[in-house]
Amino acid sequence: MSEVILKEGKPAPAGAPPATRPPSRWAVKLQEIKANKHSYVLLAPYMLLFGLFTVLPVAMSLLISFTYFNMLEFPRFIGWQNYSRLFLEDDIFLIAIKNTLLFAAITGPLSYIACFVFAWIINDMRPKVRAFMTLVFYAPSISGNVYFIWQMIFSGDRYGIANGFLIRWGFILEPVQWLKTEIYILAIIILVQLWLSLGTGFLAFIAGLQTVDKTLYEAGAVDGIKNRWQELWYITLPSMKPQLMFGAVIQLTTSFAVADVSIYLAGFPSVNYAAETIVTHLMDFGTIRFEMGFASAIATVLFALMVGTNLIVQRLLRKVGE
Amino acid sequence: MVNLALRLRKKRMNRSFMGNLAMFLFLGVVGAFMALPLVYAINAAFKPLDEIFLFPPTLFVRNPTLTNFVDLMTLLGQSWVPFSRYIFNTVFITGMGVVGHVLLASAAAYPLAKHQFPGKTLLFTTVVLALMFAPQVTAIPNYMIMSWIGFVDSYWAVIVPAFAFPLGLYLMKQFMEQIPDALIEAAKIDGASEYRIFWQVIMPNVKPAWMTLIILLFQLLWGTDGNGFIYSEELKTLHFATNQIIQGGIARAGVGAAVALILMSVPITLFVFSQSRIIETMATSGMKE
Chain A
226 MSEVILKEGK PAPAGAPPAT RPPSRWAVKL QEIKANKHSY VLLAPYMLLF GLFTVLPVAM
286 SLLISFTYFN MLEFPRFIGW QNYSRLFLED DIFLIAIKNT LLFAAITGPL SYIACFVFAW
346 IINDMRPKVR AFMTLVFYAP SISGNVYFIW QMIFSGDRYG IANGFLIRWG FILEPVQWLK
406 TEIYILAIII LVQLWLSLGT GFLAFIAGLQ TVDKTLYEAG AVDGIKNRWQ ELWYITLPSM
466 KPQLMFGAVI QLTTSFAVAD VSIYLAGFPS VNYAAETIVT HLMDFGTIRF EMGFASAIAT
526 VLFALMVGTN LIVQRLLRKV GE
Chain B
28 MVNLALRLRK KRMNRSFMGN LAMFLFLGVV GAFMALPLVY AINAAFKPLD EIFLFPPTLF
88 VRNPTLTNFV DLMTLLGQSW VPFSRYIFNT VFITGMGVVG HVLLASAAAY PLAKHQFPGK
148 TLLFTTVVLA LMFAPQVTAI PNYMIMSWIG FVDSYWAVIV PAFAFPLGLY LMKQFMEQIP
208 DALIEAAKID GASEYRIFWQ VIMPNVKPAW MTLIILLFQL LWGTDGNGFI YSEELKTLHF
268 ATNQIIQGGI ARAGVGAAVA LILMSVPITL FVFSQSRIIE TMATSGMKE
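In order, the protein sequence lines correspond to chains A and B.
Under our numbering, the first residue of the first sequence carries the number 226, and numbering increases by one thereafter.
Under our numbering, the first residue of the second sequence carries the number 28, and numbering increases by one thereafter.
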């Protein structure tokens with residue numbers, strides 16, 4: 226990438242206009258690019274791959290979403306048809322979008338608040354205890370896809386932990402098919418998502434709390450801050466606003482992308498599509514039915530939903546402590 | 028003056044007792060919720076068959092045994108591809124991905140953090156925007172791109188995209204910004220080239236961030252099942268192989284727990300040893316306006 230730019234940059238200084246006239250805007254730019262050759266060389270390998278595997282796919286997805294494409298024939302332009310079919314004819318997609326928004330609306334804010342609250346409580350502890358508690362909370366998200374443990378917990382027979390204890394304590398008389406009953410599936414997926422959600426955002430908050438300037442608290446006490454709630458709102462939160470914004474991005478993005486847990490626990494497709502999400506719907510059309518145009522329309526909707534929500538939340542968080 | 032400071036410190040410590048109690052109770056309950064599934068899995072891995080299928084179920088093991096691990100070895104000994112191959116595949120993918128990502132992301136982070144050049148804001152904004160959507164969005168075009176460049180059914184389909192993982196670049200760039208400019212200036216005066224500055228001045232100073240990138244990528248790649256790109260049995264990952272064992276259902280409950288224990292022990296151990304360095308990196312993770 227940088228090579229091309231640099232080659233273009235070469236002729237400019239040679240054919241530079243006489244000193245009387247100031248160099249044009251483009252000539253200045255090219256000179257700047259040439260002077261920063263090393264920057265582009267260092268950036269090139271990463272940006273090439275980033276462009277190839279992240280930027281290009283987003284653009285392709287957008288283009289393909291306006292076509293009929295089955296991977297065999299050349300894509301055929303069909304305008305907005307995929308989108309109108311998605312919102313007007315596909316009732317499973319409506320279930321998927323409802324579930325995804327439900328997951329996002331519950332696990333997004335809850336996990337975000339949980340990340341902060343636990344980081345905040347842990348922060349007051351002695352370093353050894355703090356390190357241990359960090360591990361306890363962070364362990365599920367780092368364990369690498371071991372959510373199949375929950376399959377044992379919610380297994381549908383008497384030997385499953387949930388059934389076993391509930392029968393023993395007399396709440397239920399016979400085993401419940403947790404993962405096959407529509408009303409329980411959603412709740413269980415939310416529970417497992419929350420269990421997995423104290424990840425990068427949580428670590429960012431722990432770190433952010435440790436960097437808050439301690440003298441601010443003393444100054445605050447002089448200025449009449451009475452209790453820890455006031456301390457939190459007037460000193461701690463504003464001081465770690467950058468981390469709060471970073472954590473929000475991480476938590477929100479994961480909360481919209483529920484799929485693996487749903488497929489693993491509820492099956493694919495789940496009972497009466499009770500656990501269908503936008504991502505599982507996308508996989509259905511993309512990897513099973515090979516309706517790539519339609520699947521790309523789903524991907525584009527998901528992209529817009531994720532980025533849109535993130536940008537709105539960023540704008541809101543800027544107001545913290547103002 | 029000293030007196031005032033002491034009094035202030037006292038005031039900060041003097042928080043309401045009930046408030047403390049309520050917070051620690053809360054912490055205990057949620058801590059138990061987080062820890063119990065893992066504790067259960069660890070215990071189940073050492074349970075003999077009659078204890079796994081005990082009614083009422085127990086959380087802790089009474090007569091620990093290694094039967095499940097022996098069964099796991101037997102099962103895997105019978106598989107068509109030797110088990111060591113699955114381990115090699117996962118270790119290879121994780122190792123290559125981690126090393127490549129740390130090198131490429133650091134190289135790209137240095138100019139973004141310390142230099143001014145045309146296009147800098149655009150590039151960094153694109154990376155931040157990439158944090159705002161999940162990789163599932165690009166799954167379909169990614170498959171087409173992989174098949175164009177011939178990566179389908181090879182390790183590289185998992186490894187190479189991991190090199191360009193946006194979160195790693197973001198964290199590395201934020202961490203590099205706090206390296207004092209004076210350090211770079213001094214190296215420049217000594218006649219070091221930009222590449223040499225990057226390799227000999229910047230890289231040794233961002234070791235905490237390396238650890239963070241390593242653990243994030245490790246998390247991403249250690250549990251990978253090949254993302255749908257790998258079909259050949261001899262190229263499949265550990266996670267894929269062990270998943271098939273667990274699919275065996277109820278008869279494999281004990282072995283499944285043993286697998287869970289093996290899978291999770293590696294990243295957790297890694298985190299225990301690198302926690303303080305990761306926290307140090309995360310301190311600079313904030314998003315500036």
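Glycine residues also receive a C-beta, built at the ideal position from the N, C-alpha and C atoms.
Where residue i sits in the DSSP three-state scheme
i, result
"A/R250", "helix"
"B/Y258", "coil"
"A/F302", "strand"
"A/Y293", "strand"
"B/I206", "coil"
"B/K37", "With a pLDDT of only 46 at B/K37, under the threshold of 50, the placement of this residue in the model should not be trusted, and no figure is reported."
"A/R453", "helix"
"A/H506", "helix"
"A/M465", "coil"
"A/V486", "helix"
"B/H128", "helix"
"A/G433", "helix"
"A/F379", "coil"
"A/K259", "helix"
"A/L421", "coil"
"A/A344", "helix"
"B/N90", "coil"
Cβ-Cβ separation, residue j to residue i (assumed contact under 8 Å), whole Å
i, j, result
"A/S343", "A/F362", "In the sequence as presented, Ser is not what sits at residue 343 of chain A; that position holds Phe. With a Cβ gap of about 6 Å, A/F343 and A/F362 count as contacting."
"A/S366", "A/S290", "In fact, because the Cβ distance is near 32 Å, the residues do not count as touching under 8 Å."
"B/I186", "B/G255", "That pair is no contact at about 15 Å."
"A/P282", "B/I172", "7 Å"
"B/F233", "B/M199", "According to the sequence shown, residue 233 of chain B is Val rather than Phe. The Cβ separation is near 7 Å, so the contact holds."
"B/G58", "A/M358", "7 Å"
"B/E204", "B/T311", "7 Å"
"A/R383", "A/I392", "6 Å"
"A/L419", "A/T332", "6 Å"
"A/S286", "B/I167", "7 Å"
Proximal chain B residues relative to residue i, where beta-carbon distance stays under 9 Å
i, result
"A/N324", "Neighbours of A/N324 on chain B: none; closest Cβ ~15 Å, over 9 Å."
"A/K254", "P145"
"A/R393", "F82, P83 and P84"
Proximal chain B residues relative to residue i, where beta-carbon distance stays under 7 Å
i, result
"A/T166", "For residue 166 of chain A there is no data in the structure shown, the boundaries of chain A being 226 and 547."
"A/G389", "F82, P83 and P84"
"A/I386", "Y67 and P84"
"A/L267", "A134, A135, Y137, P138 and F225"
"A/P463", "Those do not exist, as A/P463 stays about 12 Å from chain B at its closest Cβ, beyond 7 Å."
Cut-off 6 Å between Cβ atoms - residues of its own chain near residue i, not counting five sequence neighbours on either side
i, result
"B/N70", "F87 and V88"
"B/H266", "G250 and D252"
"B/V293", "none"
"B/V179", "M173 and F256"
Own chain, CB closer than 7 Å to residue i, minus 5 neighbours either side, in chain order
i, result
"B/Y197", "V154, V155 and L158"
"A/N530", "The sequence as given places Leu at residue 530 of chain A; Asn does not occur at that position. Cβ within range, chain order: F481."
"A/M517", "I289, F294, N295, M296 and G511"
"B/A189", "G124, H128, L244, L247 and L248"
"A/V538", "A473 and L477"
"B/I79", "A71, A280 and G281"
Within chain B, the residues that residue i reaches when beta carbons sit closer than 8 Å
i, result
"A/W403", "Ordered by position in chain B, no residue passes the 8 Å Cβ test against A/W403, which lies about 14 Å from the chain."
"A/Y363", "F298"
"A/R383", "F82"
Partners in chain A for residue i, counting only beta-carbon separations shorter than 7 Å
i, result
"B/M50", "I346"
"B/E221", "H263"
"B/V187", "L274"
Chain A residues whose Cβ lies nearer than 8 Å to that of residue i
i, result
"B/L131", "P270, Y271 and L274"
"B/D61", "First, the amino acid is wrong: residue 61 of chain B is Met here, not Asp. In chain order: V361, F362, A364, P365, W420 and L423."
"B/K315", "P467"
Proximal residues to residue i (C-beta, below 8 Å), its chain only, five neighbours per side dropped
i, result
"B/M238", "S301, R304, I305 and T308"
"B/T94", "P75, L76 and G281"
heavy atom of the ligand MN below 7 Å from residue i C-beta
i, result
"A/V486", "Looking for the ligand MN in the displayed structure turns up nothing, as the structure carries no ligands at all."
_Using a Cβ-Cβ cutoff of 8 Å, what residues of the segment 226 to 241 of chain B are near chain A? List them in chain order._
none
Near-chain B residues of the segment 301 to 334 of chain A (beta-carbon distance less than 7 Å), N- to C-terminal order
none
Practice item. Give the residues from the segment 144 to 171 of chain B that approach chain A closer than 9 Å (Cβ to any Cβ), ordered along the chain. Key: F144, P145, G146, K147, L150, T153, V154, V155, L156, A157, L158, M159, F160, A161, P162, Q163, V164, T165, A166, I167, P168, N169, Y170 and M171
Practice prompt. Taking only beta carbons into account, state which residues of the segment 425 to 436 of chain A come closer than 9 Å to chain B, listed in chain order.
Written response: T425, L428, A429, F430, I431, A432, G433, Q435 and T436
Practice problem: Could you please tell me which residues of the segment 178 to 204 of chain B, in chain order, have their CB closer than 8 Å to any CB of chain A? | Solution: V187, P188, F190, A191, P193, L194 and L196
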